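Residue numbers for the sequence shown follow my numbering, beginning at 2 and rising by one. To start, the structure under review is shown below, and the notes come after it.
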Amino acid sequence: MQHMSVFKRRFATFWQIAFVLVLSLGTPWACAAPSLGLGVQLVSATPSANSIPLVSDGNAAPLYVDKADHWGVMRAATDLQGDIDKVTGAKPALSTATANTRTAVIIGTLGHSTLVDALVSAGKLDVKAIRGKWESFVIANVANPMPGVERALVIAGSDKRGTIYGIYEISEQIGVSPWYWWADVPVKKASALFVRAGAWVQGPPAVKYRGIFINDEEPALGKWSREKFGGGNSKMYTHMFELLLRLRANYLWPAMWTNAFNEDDPDNPRLADAYGIVMGTSHHEPMVRSHHEWLAHRRDYGNGEWNYATNEDGLKRFFRDGIRRNKAYESIVTMGMRGDGDTAMPDAGGLEANKKLIEKIIHDQQQILTEEMGVDQRQVPQLWALFTEVQKYYDAGLKVPDNVTLLFTDDNVGNLRRLPTPAECKRSGGSGIYFHMDMNGGPFSYKWLNSNPLPKIWEQMNLAHEYGANQIWIANVGDLKPLEVPIEFFLRLAWSPKGMGKDDIAGWTQRWAEREFGAQHAAEIADLVAKYAKYNAWRKPELVRPDTFSLVNYREAERVSEAWNALAKRATLLKTSIPADQQDAYYELVLHPILALSNFIDLEIAAGRNHLYAKQGRYAANAQAERVRALFKRDQDLSDFYNTQVAGGKWNHMMDQTHIGYRDWRSPPENVMPATSSVPAGAAGEFGVAIDGSDQAWPGGENTPTLPYFDSINKQRSYIDVFSKDGRPPRFTALADKPWVKLSQAPAPDGSNDQRIWVDIDWSRVPVGSAQLGQITVSEGNQRVVVRSYATIAVGDETKAAAGAFGGQTGPIAFDAQDAVRNIPGKYARWEWLPDYGRGPGAMTVFPVTARSAPFADSPRLEYPVYFASAGTWQVDLVTAPTLDNYPGRELAVAVALDDATPQVVRVFPPATRADQTFLGKYHFKNTSENARTMRFTVKVHGPGKYDLKIIMVDPTIVVQKIVLSDSPLPDSYFGPPSTPRNPPAH
């Protein structure tokens with residue numbers, strides 16, 4: 002094994018997205034397939050000037066690989082051979098000896114291919130941009146590369162993986178998705194393939210080691226792999242190795258719940274190395290030994306205790322045996338120790354004693370590396386994962402050898418806990434990030450369907466890149482499926498963060514959709530995929546309960562259900578236009594998650610309605626109970642279809658993960674249907690009334706039923722539900738006592754026989770004055786319920802003051818952060834929009850993300866015109882991202898000011914309350930489960946009128962989604978009052 006010296010990096014990492022030397026651009030091309038790698042389309046179904054025919058007239062150009070090249074290069078070349086055949090039906094010859102042919106494809110690694118080296122020596126191939134670089138390659142169209150060959154496509158790599166990545170770039174360009182096996186994406190057929198003239202360079206990647214962690218694999222991937230392959234053996238893993246290489250990844254932590262990668266199949270590590278995959282073990286499995294190995298063999302090592310203080314000699318032997326076994330293979334060695342089975346390390350006698358013990362463990366492990374590897378241990382890549390409690394030891398001064406990569410982590414939910422400082426960036430081992438897209442444990446588990454929106458991944462991993470954590474990026478991806486999209490995005494971002502800006506995410510998703518499904522439906526598919534991940538991140542399904550979304554305030558549950566059902570309707574309609582050979586891929590990547598999640602949300606909302614209706618005495622509670630039962634059954638039907646019907650049952654068990662009935666972080670052993678209640682039938686013809694904003698019902702409710710207030714600026718709409726108590730459609734008459742109260746009737750949105758009376762105001766007929774009373778009487782026979790409504794019409798000066806501003810005469814004021822009227826840059830930073838981030842259409846954050854804090858006069862600010870109808874103390878809530886205290890000494894502060902008042906600063910992490918807000922603190926669960934944190938300010942309003950609300954940067958990394966202002970307590974809801982646009986300007 003040739004051990005790579007640790008790659009040194011500071012803040013600015015040298016990398017190249019695509020160094021393009023175009024010899025001839027030619028004419029417009031009919032592209033074979035968009036590539037998410039190179040970013041330049043090389044392959045076409047039609048020729049152009051000096052293009053190279055890979056396949057033409059049924060003949061395929063032969064592939065040449067030097068017999069002295071790496072086995073993994075030859076293996077990848079056989080994939081290219083097969084890919085060309087799948088696309089065109091013409092299988093090229095693959096040989097280690099050249100022959101006289103008009104065209105050829107020459108594949109090789111610098112220093113391992115006489116063919117490539119000869120081209121370099123002859124000056125026909127320029128490799129200055131890749132020589133000596135990590136995982137880099139050049140793809141070039143070369144004329145007269147050797148006697149008898151007129152033109153050749155040359156794929157040359159700086160090292161083994163560089164060549165392999167170049168091979169798979171061509172595979173992707175001709176129409177073979179990296180997910181052709183793992184997501185059943187069909188190849189794009191073509192009768193001819195041509196590679197345009199030019200030379201293209203890729204690499205080195207920005208992040209040196211880029212990979213995934215297969216984790217929490219039971220029951221889904223575990224059962225699937227046992228059924229299809231007999232377990233987590235090389236028959237299964239070689240499919241994963243190939244996928245990773247096609248995605249330009251190079252690093253893998255294998256499944257470890259019930260598996261021991263190196264022992265389950267000796268071919269596992271051998272083939273990983275041969276393919277070109279760097280293997281590791283998870284954050285708590287040191288020295289290339291899995292936890293399952295310890296469970297199986299602990300009696301062979303000392304007293305069998307996973308405790309270095311009491312079993313040092315036994316654990317040293319255990320570590321030594323792991324290194325000795327795997328020393329021939331390229332690995333990153335996990336260092337240090339946690340407790341037995343991913344728990345905290347046993348206490349050695351307090352903080353200082355624990356620090357010293359970990360320092361000793363790492364020292365002893367490095368000595369073992371030197372002795373067993375036969376080289377200076379500094380030549381062996383190593384990492385120490387600062388997971389959960391481990392970070393506190395580092396923060397308290399634990400000394401880590403300079404060559405060990407500091408693998409900082411997120412909070413298990415995608416929020417980075419730590420970014421490196423400039424001093425840490427100078428360490429030879431650098432730093433990296435362990436990121437989660439799946440979690441089993443605290444603060445909560447989420448293992449079912451994708452809840453990782455790409456803008457959130459980008460926002461956090463862009464911080465990692467800009468602050469210099471670029472040695473390792475690895476993501477916990479659970480069973481791998483169904484996280485195909487965020488996995489690829491994460492790995493592509495790791496290759497070239499600079500090539501993927503915040504404004505490029507939607508375009509990237511559309512290119513992904515075009516690669517998988519073609520151009521015709523790419524925009525629609527991209528939007529469906531982006532929206533379902535966004536909606537699913539509003540609150541991860543494992544945390545959604547019947548009362549999560551308010552059934553009585555802001556029509557919140559209805560709006561959530563409407564959003565999901567609109568998505569499901571679009572996805573189902575599109576299915577009818579998807580070609581037959583794409584149906585499996587469409588179901589796996591698009592349709593199933595949307596149908597399953599929309600069904601799940603409706604299930605929980607139906608259970609919530611059942612509870613509410615039972616309290617109100619609505620007979621429709623029984624129909625909601627029946628709906629719960631039907632939706633619960635459909636949930637299982639959707640999983641069964643995925644398992645047994647899609648791709649002929651290829652993915653059986655992949656949807657076995659339970660997801661309904663969580664009580665804490667532990668997965669329920671089986672899905673548990675939400676509890677329901679029944680309501681007996683009342684007297685014939687009996688009805689009841691429920692109103693917007695209340696969980697009560699009348700007759701019998703407390704106080705007089707009163708609708709939320711109306712005003713002529715906001716022009717609110719409200720409703721009254723008239724419900725049956727006897728199971729038959731309610732009979733009633735609804736009349737308003739004022740001509741300006743407008744009533745219209747429609748079916749209740751729950752699908753029952755109940756009726757909804759919509760209440761609107763005709764503002765042209767409302768008398769001047771505040772809170773004009775209009776009463777609505779609902780009656781039938783001797784039954785009578787009177788509902789009050791109050792409307793306030795703005796007078797001239799009030800209307801003028803409110804023009805162009807946010808806010809009205811009544812109620813809270815809410816608007817999106819992106820809707821600032823003025824965005825004023827500062828001396829060192831600026832506010833910019835993060836499209837599609839968070840709960841709404843986007844969010845505002847500070848760039849550069851490494852900006853320093855500055856005095857208010859030098860800081861960027863956002864300004865919003867706000868109309869306040871009354872004087873007094875108003876609460877200002879900034880709904881922000883749940884960003885953590887990820888940089889030493891920074892308190893994550895932001896300021897708010899009204900007009901020219903002194904800015905008020907709120908700090909999330911001041912010393913006095915930091916413990917409550919930080920990872921696993923008092924508020925961490927709430928902030929992360931809601932994917933939002935509320936920062937609260939108060940402002941003094943001296944009189945009615947228009948004011949400028951200013952949001953002023955104090956610290957970078959703050960992300961502001963929404964602003965809510967109120968002068969009284971807000972009704973209970975999950976999202977708070979909906980955002981509204983600014984009032985129209987004055988005429």
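Note that CB positions come from ideal geometry on N, CA and C, so glycine has one too. As the structure is a prediction and not an experimental result, all values here were calculated from the model.
The criterion of a C-beta distance shorter than 8 Å is not satisfied by residue 53 and residue 162. With respect to the C-alpha of residue 362, the residue from 317, 928 and 43 having the closest C-alpha is 317. Between residue 181 and residue 77, the C-beta spacing is not below 8 Å. Taking C-beta separations shorter than 8 Å and ignoring five residues to either side along the sequence, the partners of residue 973 in its chain run 551 and 554, following chain order. Residues 179, 488, 489, 492 and 493 of the same chain have their beta carbon placed closer than 8 Å to that of residue 248, with the five preceding and five following residues left out of the count. Per the coordinates, the alpha-carbon of residue 208 lies some 30 Å from the alpha-carbon of residue 120. The C-beta distance from residue 879 to residue 936 rounds to 4 Å, short enough to fall under 8 Å. Note that the segment 448 to 463 does not touch the segment 181 to 198; fewer than 3 beta-carbon pairs, one per stretch, sit closer than 8 Å. The beta carbon of residue 647 sits closer than 7 Å to those of 585, 588 and 589, all from its chain and outside the five residues before and after it, given in chain order. If you draw a straight line from the Cα of residue 891 to the Cα of residue 956, it is about 7 Å long. Annotated three-state conformation of residue 563 is helix, per DSSP. Each residue's CA atom was taken as its position, placing residue 870 and residue 970 some 16 Å apart.
Pairwise C-beta distances place the segment 57 to 77 in contact with the segment 87 to 107, as three or more of them are shorter than 8 Å. Residue state for residue 433 is assigned as strand, using DSSP reduced to three classes. Linking residue 731 to residue 710 through their CA atoms gives a straight-line distance of about 27 Å. Residues of the same chain with a CB within less than 8 Å of the CB of residue 274, apart from the 5 flanking positions on each side, are 2, 280, 329, 330 and 331 in chain order. In this chain, residue 698 is not harboured by any beta strand (DSSP E), its DSSP state being neither H nor E.
Residue pairing by DSSP puts residue 158 in a beta bridge opposite 110 and 138.
In the displayed model, residue 858 falls within a helix according to three-state DSSP.
Inter-segment contact for the segment 560 to 568 and the segment 588 to 603 is present: three or more beta-carbon pairs are separated by less than 8 Å. In the structure shown, residue 749 adopts coil according to DSSP, grouped into three states.
Closest by C-alpha distance to residue 952, out of 84, 886, 421 and 860, is 860.
Residue environment: residue 457 is assigned as buried (16 or more neighbouring CB atoms within 10 Å of its CB, all protein chains considered). Taken atom to atom, the span from the alpha-carbon of residue 549 to that of residue 612 is near 13 Å. In the DSSP assignment, the residues bridged to residue 776 are 789. Assignment of alpha helix (DSSP H) within the segment 359 to 426, counting only whole runs of 4 or more residues, yields 391 to 396 and 423 to 426 in chain order.
With respect to the 8 Å criterion, residue 803 and residue 809 are classified as neighbours on the basis of their beta carbons. Straight-line measurement puts the Cα of residue 50 at about 29 Å from the Cα of residue 115.
In this structure residue 364 is exposed. Its beta-carbon is surrounded by fewer than 16 other beta-carbon atoms within 10 angstroms.
For residue 954, there is no enclosing alpha helix (DSSP H); the enclosing beta strand (DSSP E) covers residues 946 to 954. C-alpha of residue 766 to C-alpha of residue 461: approximately 53 Å in a straight line. Annotation for residue 942: the continuous beta strand (DSSP E) segment containing it runs 934 to 942. Under the three-pair Cβ rule at 8 Å, the segment 500 to 515 does not count as touching the segment 222 to 234. Three or more pairs of CB atoms, one per stretch, sit closer than 8 Å, so the segment 347 to 358 contacts the segment 300 to 319. Secondary structure at residue 177: coil, using DSSP grouped into helix, strand and coil.
In the three-state reduction of the DSSP assignment, residue 290 falls in the coil class, being assigned neither a helical nor a strand state.
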